[in-house]
Amino acid sequence: MQTKLTINGKSHNLNADTRTTLLDALRNHLGMTGTKKGCDHGQCGACTVIVNGRRINSCLTLACMHDGNEVTTIEGLGTVDDLSPLQRAFVAHDGFQCGYCTPGQICSATAMLEEIKAGWPSHVSADLNAEIALSDAEIAERMSGNLCRCAAYPNIVEAIRTVAQGGRT
Amino acid sequence: MTAFHKMDEPDHRNRLDAMVQGVLGTGMDRPDGPEKVTGSATYAHDGQVAGMLHGVMVRATIAKGRLEHIDAQAVEALPGVRAVLHGDRFLRNPAQGTANEAPVQGSRDIAYLGQPVALVVADRFEQARHGAQSVTLRYSEESASVAPDAETAEVPDKKQSSAGDLAAAMDRAAFCVDAVYTTPGHNSAAMEPHAAIAAWEGDLLTVRASCQMLKYNVNELADALGVDPEHVRILSPFVGGGFGSKLGISPETVAAALAARALGQPVAVALSRQQVFEATMRRSETRQHIRLAADAEGRLTGIGHEALVSNLEGEDFSEPVTQATPFLYRGENRLIGHRISRVNRTCAGSVRAPGEAVGVTALEIAMDELATAAGIDPVDLRRRNIPERDPGEDRPFSSHMLRAALDDGAAAFGWENRPQGGARQGDWLAGCGMSSASRVNMIGKSSARVTLHPDGTALVETDMTDIGTGTYAILNQIAAEMLGLPPARVKVRLGDSDLPKSAGSGGSWGASSAGSSVFLACERIRQDIAERCGCDEGTLTLKDGMAIADNRARPLAQVLAGAPLQAEGEIDKGKTSEAVRQATFGAFFAEVAVNAVTGETRLRRMHGSFAAGRILNAKTARSQCLGGMTFGIGMALTEELIHDPRDGHIVNHDLAEYHLPVNADVPQLSVNLLEERDPWANPMQAKGIGELGICGAGACIVNAIHDATGIRVRHLPATLDKLLEGLDRLDDLG
Ligand code: FES
Ligand code: FES
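Each protein sequence line maps, in turn, to chains C and D. Residue numbers for the first sequence follow the working numbering, so the first one is 1021 and each next one is one higher. Residue numbers for the second sequence follow the working numbering, so the first one is 946 and each next one is one higher.
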């Protein structure tokens, strides 16, 4: 099935099976293997990408449902020579070990900070209507859809906190 | 030129301390970090090649029997499907760590539910998956044994030992503990599912796979395929976590290679998450009978530790539950017992710190029970029981840092001023607990090649892997330190089986083994440079690309005069691994809050103090400890493989039902790494740290739950249901 996707600002014409997930389209059809598959069932967050500004699990959605959508993947956030602030902070704070969950963590964190800016409350927000205070608990809660078996969680929280507070690393 | 060194004598020279580049031990960022955070690091399934087909494995749906028929024809008629493969070369289960040969093969005889029995290959992944789901299998079923059974279990002679008379010591004891603890099966659950892309060029096979120990994996794969190991090359430059699950070659890699050969095209096979649970390794469940006898001062006079574990028929591996028990604490009367029950369940193998992860955890819960019985502070109880010599084998310790770790950890955590156990804040009951950590230390034969180029850059090459452990960082730092180069001028190549053969990643021996080989190669290069400078290697200073001897500094480029210097280093274990007991030590402290209404446990804070010889990179070593401690959190509170009592299959075979700790379950853990040099370990005086952080970690949480509620959980994990009854009682007491 023909699907038009804008990925990292570039338009792509995808011709894939209707059963092809957005994740497999990126990896197996478009050669963008930065996005990882950890479970294929929406249980780990390794495949997180940003679609029309919102983070989603790309394994849980079919590519053909995204005709005309704007997709941002890890490849669109920065490059080895030009890291995004979050990417830089993850390196500085060792926000990973094996690195497999990392593209998903960083895409997730990138969109998550926007959700906080937009005032979306979470399970741990004390006041649903107040401005969100960016505590460690808020970060941890909002990043709990991204599993890390290497358990870099404390470092992930540090990296995100540093960037959110405008700190440079 | 090979510099070979066998560890027959302790190395007290502490050569690395005499180096002046100042990079080793620092918390240098991982050089592989930028690739990992941009998605450009290539894991097994990322190295996609042109013309690649996709394969999906088919699983057995019975626990035991014979596969009589596969309706390959019907599936091969489906759109896109190229072939359905099965047969004698398929692996029943992965090879055990360091097996060096193929495990049991053949897809006819079924030994557990979930065993891979066939591979469906198609042009597209979706077609292969549909094909795999459409396969009909016909079996003749046999009756299976799916639950471990102490009565029929094997009792291997080599795994029993005793000294003195434990029963008499128990009778005479002022205080004692006699209890049974159980831990459920665990899955490594590395975030990268096992995957392989196989391609043949003539009779040469190249496989991109997710492997921890390439030297062994090449031989295992070649043996499974019946080809010459010289014709097999494995590439694993990045491994998305291993934790033991990728020690040996696994079914998808062999299947991909067979399919690629049969079809004359590259084939990629990735296990689904469910298949990772069913068809790779599980940590065996354990039943542990622990007896502790102590005198009136809390000094141990007797320790008994008897374990029951399980595995498939024909597997040598048996979870070494009691590995640390012979040396961790004093006591003249000792008894170690080990039984293994043969079951039709997923293969049992190494999962992070086989043995100590569950064995020290149970022992440390028992020690807490003893502290309570004797009315002695738990930290103090441990201090009173540190042995002078390894009591199991009556030999000295290479170094013993348990007391230092206990003292450091207690101070860092504020143990003396901890909140009163059971203090109630709203619905929450607070409590604190602690436990000791210990893990045996090993090295394995390992080689590396180092090339110093005339432009002042160096290249380190070995088939060693970085499974998240920080190998790229520490090998860089060792070479940079020894050769006096800024780390940016050192490049490390790993994960290619064509490179010099290393010990691989496993058993916490990777950094010590591979690191020592790099150290030795660099030492040889230093000797060469010293010769050219007319000085002794011991008086040569290398810093920032300059060679300094006799108050004369010359750029390395000048010394090398246009030609590179190259050396191979090789380390092997020797007499020091027998002459002394080598182990790493640590201490864990935790504060929990238990909800008096729901039984939910929340970990509020957790601290670990660890000693593992020289620390090679403060940042990556700390991250390894964070990872280990978090495995401990999972073991204490959530992780549990559940087997269907009818057919043994793993019911919770995915990440929604097998509960790994998530970010919100883990507070900002703190870690202290203690200063230590262990001359018996290797020429770097460094020991393994990758597993120490899990060995006993779960116990400090379970002990804290006891402090908070008075409820003693002996059957992990401490889920809500195990606390509710006791909490009701507490409430009745009001
Ligand atoms: S791969 Fe999509 S959530 Fe795990
Ligand atoms: S870095 Fe390995 S799973 Fe997160």
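Note that the Cβ used here is the ideal one computed from N, Cα and C, for glycine as well. All of these numbers come straight from a predicted model, not from anything done at the bench.
Return helix, strand or coil for residue i, following the three-state DSSP convention.
i, result
"leucine 1103 (chain C)", "coil"
"threonine 1093 (chain C)", "coil"
"arginine 1075 (chain C)", "strand"
"isoleucine 1179 (chain D)", "strand"
"asparagine 1164 (chain D)", "helix"
"phenylalanine 1110 (chain C)", "helix"
"leucine 1192 (chain D)", "coil"
"methionine 1580 (chain D)", "helix"
"arginine 1290 (chain D)", "coil"
"alanine 1140 (chain D)", "strand"
"aspartate 1550 (chain D)", "Reading off the sequence, residue 1550 (chain D) comes out as arginine, not aspartate. Correct three-state label for arginine 1550 (chain D): strand."
"glycine 1071 (chain D)", "One detail in the question is off: residue 1071 (chain D) reads as glutamate in this sequence, not glycine. Helix, per DSSP."
"alanine 1626 (chain D)", "coil"
"isoleucine 1055 (chain D)", "strand"
"histidine 1086 (chain C)", "helix"
"leucine 1019 (chain D)", "Going by the sequence as given, residue 1019 (chain D) is alanine instead of leucine. Correct three-state label for alanine 1019 (chain D): helix."
"asparagine 1562 (chain D)", "strand"
"glycine 1165 (chain C)", "coil"
"serine 1031 (chain C)", "strand"
"leucine 1487 (chain D)", "strand"
"lysine 1024 (chain C)", "strand"
"proline 1500 (chain D)", "strand"
"leucine 1043 (chain C)", "helix"
Could you give the first and the last residue of the continuous alpha helix (DSSP H) run that contains residue i?
i, result
"tyrosine 1173 (chain C)", "1173–1184"
"serine 1128 (chain C)", "1122–1137"
"phenylalanine 1358 (chain D)", "1347–1358"
"glycine 1643 (chain D)", "1642–1654"
"glutamine 1117 (chain C)", "It is not in any alpha helix (DSSP H) - glutamine 1117 (chain C) carries neither H nor E in the DSSP assignment."
"methionine 1115 (chain D)", "1111–1117"
"arginine 1218 (chain D)", "1218–1224"
"glutamate 1086 (chain D)", "Careful: glutamate 1086 (chain D) lies outside any alpha helix (DSSP H), inside the beta strand (DSSP E) at 1082–1086."
Could you tell me whether any Cβ in chain C is nearer than 7 Å to the Cβ of residue i?
i, result
"phenylalanine 1453 (chain D)", "What sits at residue 1453 (chain D) in the sequence shown is serine, not phenylalanine. No, serine 1453 (chain D) lies away from the interface with chain C (no Cβ there is under 7 Å from its Cβ)."
"methionine 1491 (chain D)", "no"
"threonine 1416 (chain D)", "no"
"alanine 1134 (chain D)", "yes"
"phenylalanine 1070 (chain D)", "yes"
"lysine 1191 (chain D)", "no"
"arginine 1218 (chain D)", "yes"
"valine 1172 (chain D)", "no"
"isoleucine 1412 (chain D)", "yes"
"glutamine 1613 (chain D)", "yes"
7 Å is my cut-off, CB to CB: does residue i come that close to chain D?
i, result
"isoleucine 1094 (chain C)", "yes"
"proline 1174 (chain C)", "yes"
"arginine 1181 (chain C)", "no"
"alanine 1171 (chain C)", "yes"
"aspartate 1114 (chain C)", "yes"
"asparagine 1048 (chain C)", "yes"
"threonine 1099 (chain C)", "yes"
"glutamine 1107 (chain C)", "yes"
"valine 1091 (chain C)", "no"
"valine 1111 (chain C)", "yes"
"methionine 1132 (chain C)", "no"
"arginine 1039 (chain C)", "yes"
"leucine 1167 (chain C)", "yes"
"methionine 1021 (chain C)", "no"
"serine 1145 (chain C)", "no"
How far does the beta strand (DSSP E) with residue i in it extend, from its first residue to its last?
i, result
"aspartate 1704 (chain D)", "Past the boundaries of the shown model lies residue 1704 (chain D); chain D is included only from 946 to 1679, so the question cannot be answered."
"isoleucine 1235 (chain D)", "1231–1239"
"glycine 1514 (chain D)", "1510–1518"
"lysine 951 (chain D)", "947–952"
"valine 1001 (chain D)", "998–1004"
Next on the checklist: Report the start-end ranges of each beta strand (DSSP E) in the stretch 1360–1404 of chain D that is 3 residues or longer and not cut off at the edges.
Outcome noted: Whole beta strand (DSSP E) segments, 3+ residues: 1373–1385, 1391–1397.
Checklist entry - Whose CB is closer than 6 Å to a heavy atom of ligand 1? List the residues in chain order. => result This criterion selects C:Lys1057, C:Gly1058, C:Cys1059, C:Asp1060, C:Gly1062, C:Gln1063, C:Cys1064, C:Gly1065, C:Ala1066, C:Cys1067, C:Asn1077, C:Cys1079.
Next on the checklist: What ranges does the alpha helix (DSSP H) occupy inside the stretch 1397–1476 of chain D, keeping only unbroken runs of at least 4 residues that lie completely in it?
Outcome noted: The alpha helix (DSSP H) runs of length 4 or more contained entirely in the stretch 1397–1476 of chain D are, from start to end of the chain, 1416–1428.
Item to check | Neighbourhood of ligand 2 [Cβ distance below 6 Å to any heavy atom], ordered by chain position | outcome: That query returns the following residues: C:Phe1116, C:Gln1117, C:Cys1118, C:Gly1119, C:Tyr1120, C:Cys1121, C:Thr1122, C:Cys1168, C:Arg1169, C:Cys1170, C:Ala1172, D:Met1136, D:Gly1186, D:Gly1413.
Item to check | 4-residue-minimum alpha helix (DSSP H) runs that sit fully inside the stretch 1241–1325 of chain D, ordered along the chain | outcome: The qualifying runs are 1270–1273, 1301–1319.
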